[in-house]
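Sequence positions in the sequence shown follow the working numbering and run 4 to 167. For glycine and all other residues, C-beta sits at the position ideal for the given N, C-alpha and C. Here the structure is a predicted model, which is why all the values come from computation and not from measurement. To start, the structure under review is shown below, and the notes come after it.
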Amino acid sequence: MKGGGTRIAVVFAILFTFWVLLSGYFDAFHLTAGIICAGIVTILSHDLLMPDAGDRILRKTARFIGYIPWLLLAILRGGLDVAYRVLHPAMPINPCIVTFETPLHGDLARTTLANSITLTPGTVTVDVEGGRFVVHVLAPEFAYGLTKEETMQKRVSAIFEEDR
4 MKGGGTRIAV VFAILFTFWV LLSGYFDAFH LTAGIICAGI VTILSHDLLM PDAGDRILRK
64 TARFIGYIPW LLLAILRGGL DVAYRVLHPA MPINPCIVTF ETPLHGDLAR TTLANSITLT
124 PGTVTVDVEG GRFVVHVLAP EFAYGLTKEE TMQKRVSAIF EEDR
(Lines of atoms letter the chains of each structure in order from A and count residues from 1; the text may use other names and numbers.)
(Lines give C-alpha, C1' and ligand atoms only; values in the text may rest on other atoms or scores of the structure.)
Protein backbone atom coordinates (compact mmCIF):
# COMPACT_ATOMS: atom_id res chain seq x y z
CA MET A 1 0.00 0.00 0.00
CA LYS A 2 1.91 3.05 -1.23
CA GLY A 3 1.00 6.65 -1.96
CA GLY A 4 -2.73 6.82 -2.62
CA GLY A 5 -3.49 3.59 -0.79
CA THR A 6 -1.84 4.85 2.36
CA ARG A 7 -3.80 8.10 2.18
CA ILE A 8 -7.05 6.18 1.72
CA ALA A 9 -6.24 3.96 4.70
CA VAL A 10 -5.44 6.98 6.89
CA VAL A 11 -8.65 8.77 5.88
CA PHE A 12 -10.66 5.61 6.55
CA ALA A 13 -9.03 5.19 9.97
CA ILE A 14 -9.77 8.81 10.88
CA LEU A 15 -13.40 8.61 9.75
CA PHE A 16 -14.03 5.25 11.43
CA THR A 17 -12.45 6.45 14.69
CA PHE A 18 -14.62 9.56 14.53
CA TRP A 19 -17.69 7.34 13.96
CA VAL A 20 -16.87 5.15 16.96
CA LEU A 21 -16.22 8.15 19.23
CA LEU A 22 -19.46 9.86 18.25
CA SER A 23 -21.69 6.80 18.31
CA GLY A 24 -20.45 5.38 21.58
CA TYR A 25 -21.76 1.93 20.65
CA PHE A 26 -19.42 -1.02 20.26
CA ASP A 27 -21.80 -3.77 19.17
CA ALA A 28 -21.47 -5.59 15.84
CA PHE A 29 -24.27 -3.65 14.15
CA HIS A 30 -22.88 -0.20 14.91
CA LEU A 31 -19.29 -1.15 14.14
CA THR A 32 -20.36 -2.69 10.81
CA ALA A 33 -22.43 0.39 9.97
CA GLY A 34 -19.40 2.53 10.86
CA ILE A 35 -17.13 0.52 8.59
CA ILE A 36 -19.60 0.78 5.69
CA CYS A 37 -20.23 4.51 6.15
CA ALA A 38 -16.55 5.36 6.67
CA GLY A 39 -15.71 3.26 3.59
CA ILE A 40 -18.26 5.03 1.38
CA VAL A 41 -17.21 8.50 2.55
CA THR A 42 -13.54 7.56 2.14
CA ILE A 43 -14.05 6.40 -1.44
CA LEU A 44 -16.01 9.51 -2.35
CA SER A 45 -13.87 12.13 -0.65
CA HIS A 46 -10.44 10.87 0.43
CA ASP A 47 -8.71 13.42 -1.80
CA LEU A 48 -10.45 16.30 0.00
CA LEU A 49 -8.93 15.47 3.38
CA MET A 50 -5.47 14.54 2.15
CA PRO A 51 -4.85 15.93 -1.33
CA ASP A 52 -1.11 15.25 -1.41
CA ALA A 53 1.12 12.69 0.25
CA GLY A 54 4.46 12.91 1.95
CA ASP A 55 6.01 14.65 4.91
CA ARG A 56 4.32 17.93 3.93
CA ILE A 57 1.13 16.55 5.49
CA LEU A 58 2.89 16.07 8.82
CA ARG A 59 4.42 19.56 8.69
CA LYS A 60 1.07 21.12 7.81
CA THR A 61 -0.67 19.18 10.56
CA ALA A 62 1.92 20.26 13.13
CA ARG A 63 1.64 23.89 11.99
CA PHE A 64 -2.16 23.72 12.12
CA ILE A 65 -2.02 22.34 15.67
CA GLY A 66 0.30 25.25 16.54
CA TYR A 67 -2.22 27.66 14.97
CA ILE A 68 -5.08 26.51 17.21
CA PRO A 69 -3.83 28.18 20.45
CA TRP A 70 -3.26 31.44 18.56
CA LEU A 71 -6.79 31.23 17.11
CA LEU A 72 -8.27 30.47 20.54
CA LEU A 73 -6.52 33.54 21.94
CA ALA A 74 -7.87 35.65 19.05
CA ILE A 75 -11.36 34.31 19.77
CA LEU A 76 -10.99 35.21 23.46
CA ARG A 77 -9.75 38.73 22.65
CA GLY A 78 -12.54 39.22 20.13
CA GLY A 79 -15.13 37.99 22.61
CA LEU A 80 -13.90 40.39 25.28
CA ASP A 81 -13.92 43.28 22.79
CA VAL A 82 -17.47 42.48 21.64
CA ALA A 83 -18.64 42.17 25.26
CA TYR A 84 -17.06 45.55 26.08
CA ARG A 85 -18.77 47.21 23.10
CA VAL A 86 -22.16 45.70 23.88
CA LEU A 87 -22.01 46.56 27.59
CA HIS A 88 -20.57 50.06 27.11
CA PRO A 89 -23.24 52.75 27.61
CA ALA A 90 -22.38 54.43 24.29
CA MET A 91 -22.31 51.05 22.45
CA PRO A 92 -19.37 51.89 20.14
CA ILE A 93 -20.62 49.65 17.36
CA ASN A 94 -20.35 50.68 13.72
CA PRO A 95 -21.02 47.60 11.57
CA CYS A 96 -19.69 47.60 8.04
CA ILE A 97 -18.74 45.31 5.19
CA VAL A 98 -15.06 44.95 4.33
CA THR A 99 -13.75 43.49 1.08
CA PHE A 100 -10.15 42.38 0.64
CA GLU A 101 -8.05 40.19 -1.62
CA THR A 102 -5.97 37.37 -0.22
CA PRO A 103 -2.91 35.85 -1.84
CA LEU A 104 -3.95 32.41 -0.58
CA HIS A 105 -4.65 30.16 -3.55
CA GLY A 106 -5.44 26.76 -2.04
CA ASP A 107 -9.06 25.87 -1.30
CA LEU A 108 -8.19 24.45 2.12
CA ALA A 109 -6.16 27.55 3.01
CA ARG A 110 -9.01 29.86 1.97
CA THR A 111 -11.54 27.74 3.84
CA THR A 112 -9.37 27.81 6.96
CA LEU A 113 -9.10 31.60 6.71
CA ALA A 114 -12.85 32.04 6.15
CA ASN A 115 -13.71 29.80 9.09
CA SER A 116 -11.13 31.45 11.34
CA ILE A 117 -12.61 34.86 10.54
CA THR A 118 -16.13 33.64 11.29
CA LEU A 119 -15.06 31.96 14.55
CA THR A 120 -13.59 35.22 15.79
CA PRO A 121 -16.34 37.26 17.52
CA GLY A 122 -17.23 40.49 15.77
CA THR A 123 -16.45 39.18 12.28
CA VAL A 124 -18.38 36.98 9.84
CA THR A 125 -17.22 35.86 6.43
CA VAL A 126 -20.11 36.68 4.11
CA ASP A 127 -18.68 35.58 0.76
CA VAL A 128 -15.53 34.13 -0.74
CA GLU A 129 -15.05 34.23 -4.47
CA GLY A 130 -11.60 33.28 -5.65
CA GLY A 131 -9.21 35.37 -3.59
CA ARG A 132 -11.83 38.01 -2.75
CA PHE A 133 -13.26 37.90 0.77
CA VAL A 134 -16.32 39.85 1.91
CA VAL A 135 -16.47 40.14 5.70
CA HIS A 136 -19.03 41.78 7.99
CA VAL A 137 -17.33 43.45 10.97
CA LEU A 138 -18.92 44.88 14.10
CA ALA A 139 -16.64 47.91 13.98
CA PRO A 140 -14.02 49.12 11.46
CA GLU A 141 -11.25 48.35 13.99
CA PHE A 142 -12.02 44.65 13.60
CA ALA A 143 -11.02 44.86 9.94
CA TYR A 144 -7.57 46.26 10.66
CA GLY A 145 -6.06 42.83 11.40
CA LEU A 146 -7.56 41.43 8.20
CA THR A 147 -6.74 44.22 5.77
CA LYS A 148 -3.67 46.02 7.12
CA GLU A 149 -1.72 43.67 9.37
CA GLU A 150 -2.95 40.51 7.64
CA THR A 151 -1.92 38.57 10.76
CA MET A 152 -4.44 35.78 10.27
CA GLN A 153 -3.65 35.51 6.56
CA LYS A 154 0.08 35.25 7.28
CA ARG A 155 -0.47 32.51 9.84
CA VAL A 156 -2.75 30.51 7.52
CA SER A 157 -0.25 31.01 4.70
CA ALA A 158 2.50 29.59 6.93
CA ILE A 159 0.40 26.52 7.75
CA PHE A 160 -0.17 25.62 4.11
CA GLU A 161 3.29 26.73 2.94
CA GLU A 162 1.93 29.21 0.44
CA ASP A 163 4.28 31.89 -0.77
CA ARG A 164 2.99 35.37 -0.13
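| Check | Outcome |
| --- | --- |
| Segment limits, beta strand (DSSP E) that includes Asp130 | Thr126 to Glu132 |
| Span of the alpha helix (DSSP H), counted from its first residue to its last, around His115 | Before going on, a small fix: residue 115 reads as Thr here, not His. Segment Asp110 to Leu122, the alpha helix (DSSP H) holding Thr115. |
| Given Pro72 as reference, the closest of Thr123, Ala93 and Leu141 once Cα atoms are compared | Thr123 |
| Contacts around His49, its chain only, beta-carbon distance under 7 Å, and the 5 residues preceding and following it disregarded | Arg10, Ile11 and Val14 |
| Limits of the unbroken beta strand (DSSP E) element including Thr154 | Here Thr154 belongs to no beta strand (DSSP E); instead the alpha helix (DSSP H) covers Thr154 to Ile162. |
| Under the three-state DSSP convention, the category Ile100 falls into | strand |
| Terminal residues of the alpha helix (DSSP H) in which Phe145 lies | Pro143 to Tyr147 |
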